[in-house]
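Residue numbers (our numbering): 75 to 218.
If you want it as structure tokens, here you go:
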């Protein structure tokens, strides 16, 4: 029995392939979702440490004050902004609000990607601007 080259498992996540830029947004959406899920689990754990008493809570807070954790918080912010705006784009496409009106079926057929791409560009520019502004905020306020 031959193995199909199409069935390559998780490696397929890392290849945008024929889908172009939208394929890479799909991959980043999955990665950012997993990162936010990991952050949520860590947040629940850290918040639950409050139950161990004031001294344990203050030790944990002191351990998380530093440039590494500030950078990790910034990465969580970046993942949140990207995931939120890409999610809005996906919802608008799934609801049919961003695919445009159907064209006449005349060859060569024109796909709806040309109608979706301007929305993608606008939302990714907004995402980039918010990520840069968040970076300025991280650098502006002293931490630790």
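We treat Cβ as the ideally placed atom computed from N, Cα and C, and that holds for glycine. Everything numeric in this text was worked out from a predicted model, so none of it was measured.
#1: Out of 196, 194 and 174, state which residue places its alpha-carbon closest to the alpha-carbon of residue 186.
#2: Can you find at least 3 beta carbon pairs, one from the stretch 155-163 and one from the stretch 125-144, that sit closer than 8 Å?
#3: Where do the N-terminal and C-terminal ends of the alpha helix (DSSP H) with residue 106 fall, by residue?
#4: Grouping DSSP H, G and I as helix and E and B as strand, with all else coil, what is residue 130?
#5: Let me confirm a value: residue 111 is counted as buried when at least 16 other C-beta atoms fall within 10 Å, else exposed. Which label applies?
#6: On the CB-based measure, 16 or more other CB atoms within 10 Å of its CB, does residue 184 come out buried or exposed?
#7: Using a 10 Å radius around the Cβ and a threshold of 16 neighbouring Cβ atoms, would you call residue 163 buried or exposed?
#8: Of the choices 161, 138 and 144, whose alpha-carbon is the least far from that of residue 105?
#9: Below 6 Å CB to CB, which residues in the same chain sit around residue 150 once its five sequence neighbours on both sides are set aside?
#10: Could you compute how far the alpha carbon of residue 125 sits from the alpha carbon of residue 99?
#11: From residue 199 to residue 127, what does the alpha carbon distance come to, in whole angstroms?
So, to answer that:
#1: Here residue 186 corresponds to residue number 112 of the chain shown, with the count starting at 1. Of the listed residues, the one whose Cα sits closest to residue 186 is 174.
#2: no
#3: Residue mapping note: residue 106 aligns to position 32 of the chain shown, counting from 1. It spans 95-122 - the alpha helix (DSSP H) in which residue 106 sits, taken as one unbroken run.
#4: For this step, residue 130 is matched to residue 56 along the chain shown. Here residue 130 sits in helix by DSSP.
#5: As a working note, residue 111 is residue 37 in the chain shown. With fewer than 16 Cβ atoms within 10 Å of its Cβ, residue 111 is classed as exposed.
#6: Residue mapping note: residue 184 aligns to position 110 of the chain shown, counting from 1. When all chains shown are included, residue 184 counts as exposed.
#7: Position 89 of the chain shown, counted from the first residue, corresponds to residue 163. Classification of residue 163: buried, given that the 10 Å Cβ count is 16 or more.
#8: For the purposes of this step, residue 105 is identified with residue 31 of the chain shown, where counting begins at 1. It is 161 whose Cα lies nearest to the Cα of residue 105.
#9: Within the chain shown, residue 150 is the residue found at index 76, counting from 1. Closer than 6 Å at Cβ, skipping near neighbours: 113.
#10: One-based indexing of the chain shown puts residue 125 at position 51. One-based indexing of the chain shown puts residue 99 at position 25. Approximately 40 Å between the Cα atoms of the pair.
#11: As a position in the chain shown, residue 199 is number 125, starting the count at 1. As a position in the chain shown, residue 127 is number 53, starting the count at 1. Taking the straight line joining both Cα atoms gives about 45 Å.
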